[in-house]
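Visitor: Below you'll find the structure I mean.
Residue numbers (this note's numbering): 4 to 80.
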């Protein structure tokens, strides 16, 4: 597996989304809450290099967050 070292990948977790006018974003201060279009227990989408690969649930233990993968998505052909 040494040949995999040095390969960069981008991993992102999509918790939800919202639409806000730029003027509202500019007025926000540190710690501002942004409402999302999902509930706390809704599945989270996991992206690798901007491609959806899995869905999962957010897990919180103390000050650490993780994603429990519950579904592997099929690759688009």
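C-beta atoms are modelled at their ideal positions from N, C-alpha and C, and glycine is treated no differently. As the structure is a prediction and not an experimental result, all values here were calculated from the model.
Please name the residue or residues paired with residue 59 in a DSSP beta bridge.
Guide: Answer is 47, 72, bridged to residue 59.
Visitor: Spatial neighbours of residue 44 within its chain, please: C-beta separation below 8 Å, excluding the five flanking residues on both sides.
Guide: Cβ neighbours of residue 44 beyond the five flanking positions: 60.
Visitor: Are residue 15 and residue 39 close, meaning C-beta to C-beta below 9 Å?
Guide: For residue 15 and residue 39, no; Cβs fall outside 9 Å.
Visitor: Quick one: what does DSSP say residue 64 is sitting in, helix, strand or coil?
Guide: Of the three classes helix, strand and coil, the one that applies to residue 64 here is strand, per DSSP.
Visitor: Let me check understanding here. Comparing Cα to Cα, which of 55, 62, 5, 68 lies closest to residue 74?
Guide: If we check each option's Cα against that of residue 74, 55 comes out closest.
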